Amino acid sequence: MLKIDDVKIGTLHDSQYVIPFRMKYIQNGVSKIWDLVKSHGSVAVIIFNVSRNVLVCVKQFRPGVYLNSIPDCDKTGSIDTSKYPAELGVTLEFCAGIIDKNKSLEEIATEEVLEECGYEVSPSNLEKIQTFRCSVGISGDFQTLYYVEVNDSMKVSEGGGVDTEVIEVVELSLDEGREILASASPTAPGEFLYALLWFYNNKCPKNDFEGRDGGWLHQPESGK
Numbered sequence: 261m262l263k264i265d266d267v268k269i270g271t272l273h274d275s276q277y278v279i280p281f282r283m284k285y286i287q288n289g290v291s292k293i294w295d296l297v298k299s300h301g302s303v304a305v306i307i308f309n310v311s312r313n314v315l316v317c318v319k320q321f322r323p324g325v326y327l328n329s330i331p332d333c334d335k336t337g338s339i340d341t342s343k344y345p346a347e348l349g350v351t352l353e354f355c356a357g358i359i360d361k362n363k364s365l366e367e368i369a370t371e372e373v374l375e376e377c378g379y380e381v382s383p384s385n386l387e388k389i390q391t392f393r394c395s396v397g398i399s400g401d402f403q404t405l406y407y408v409e410v411n412d413s414m415k416v417s418e419g420g421g422v423d424t425e426v427i428e429v430v431e432l433s434l435d436e437g438r439e440i441l442a443s444a445s446p447t448a449p450g451e452f453l454y455a456l457l458w459f460y461n462n463k464c465p466k467n468d469f470e471g472r473d474g475g476w477l478h479q480p481e482s483g484k
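In this text, residue positions in the sequence shown follow this note's numbering: the first is 261, and each later residue adds one.
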């Protein structure tokens, strides 16, 4: 069971992960100011277990999501965790990690797959999907997304992260993934939803579409 205690909100003085700064510029003759954060780029991996036709995902506590689930009047100083439990900040994601090592993106990605989800894969098994920008309003950092197929024999540990990380490995059936995409307000980042949509459009087993009236994305024509 996830539990957090002694939550306090304070001022950021220095960090090895993010650097806040201010950019001044002139756009079409108008002077402007924009506050930004410099942060690391990242990699993420869609993991599909072909032994059981499940997507391997992770759940973890995200402080930013937690804080933004609390009304402004209650998020200064100490936070009442009995009123606002940790579950408010738990998100569903694909395996991911920041680029903070002198290694190739593929090497970093495979390390994350092993550490977070417990599967041992080779960098050569990764299929690069796309590199895109994230958090465009405040940082513009990039994420590179990969796809990899695994089977049960490649599972060498329970995963769950390293050091003080608390990561829960979650397996989604193909129907459960569709339910998330159809949800009005899933607790998941946009990058996860994009990756999930990419999977269904490009990699979902063909026999899963049988009897679905043209596939899961099919929209009935008006009047029918």
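Glycine included, C-beta positions come from ideal geometry on N, C-alpha and C. Keep in mind that this is a model prediction, so the values were computed, not measured.
Checklist line | Coil, strand or helix - F354 by DSSP | finding: DSSP, read as helix, strand or coil, puts F354 in coil.
Notebook entry, point to check: Counting only runs that start and end within the segment 268-346, where is the alpha helix (DSSP H) found for 4 or more residues in a row?
Noted result: Annotation: the segment 268-346 contains the following complete segments of the alpha helix (DSSP H) (minimum length 4 residues), in chain order: 323-327.
Margin query: Below 8 Å on the Cβ atoms is my contact criterion, and I expect E353 with F452 to pass it. Report the Cβ-Cβ distance as a whole number of Å.
Written below: About 5 Å; that satisfies the 8 Å criterion.
Next item on the list: Return the CA-CA distance between I440 and N462, expressed in angstroms with no decimal places.
Entry: Distance from the CA atom of I440 to the CA atom of N462, rounded to whole angstroms, is 18 Å.
Next item on the list: Say yes only if the C-beta of K268 is nearer than 6 Å to one or more non-hydrogen atoms of the ligand GTP, and no if none qualify.
Entry: You won't find the ligand GTP in this model; it holds no ligand whatsoever.
Next item on the list: Could you tell me the boundaries of the alpha helix (DSSP H) in which T370 lies?
Entry: Per DSSP, T370 belongs to the alpha helix (DSSP H) from 365-372.
Item checked: Option in S311, I264, G400 with minimal Cα separation from R322 -> Ranking S311, I264, G400 by Cα distance to R322 puts I264 first.
Check: Under the rule that 16 or more other beta-carbon atoms within 10 Å means buried, what is F308, buried or exposed?
Finding: With a threshold of 16 other beta carbon atoms within 10 Å, F308 meets it and is buried.
Margin query: Taking 8 Å as the limit between beta carbons, can you name the residues of its chain near G270, skipping five residues before and five after?
Written below: In its own chain, leaving out the 5 sequence neighbours on each side, no residue places its CB closer than 8 Å to the CB of G270.
Notebook entry, point to check: Hey, E372 and P383 are a contact pair by Cβ (cut 8 Å); roughly how many whole angstroms apart?
Noted result: About 12 Å; that fails the 8 Å criterion.
Checklist line | Run of the alpha helix (DSSP H) containing L348, from where it starts to where it stops | finding: For L348, there is no enclosing alpha helix (DSSP H), as DSSP marks it with neither H nor E.
Item checked: Distance, V314 Cα to N411 Cα -> Answer to the nearest angstrom: the Cα atoms are 10 Å apart.
Next item on the list: Take the Cβ of E376 as the centre, count every other Cβ of all protein chains shown within 10 Å, and call the residue buried at 16 or more, exposed below.
Entry: Around the beta carbon of E376, 16 or more other beta carbons sit within 10 angstroms, so the residue counts as buried.
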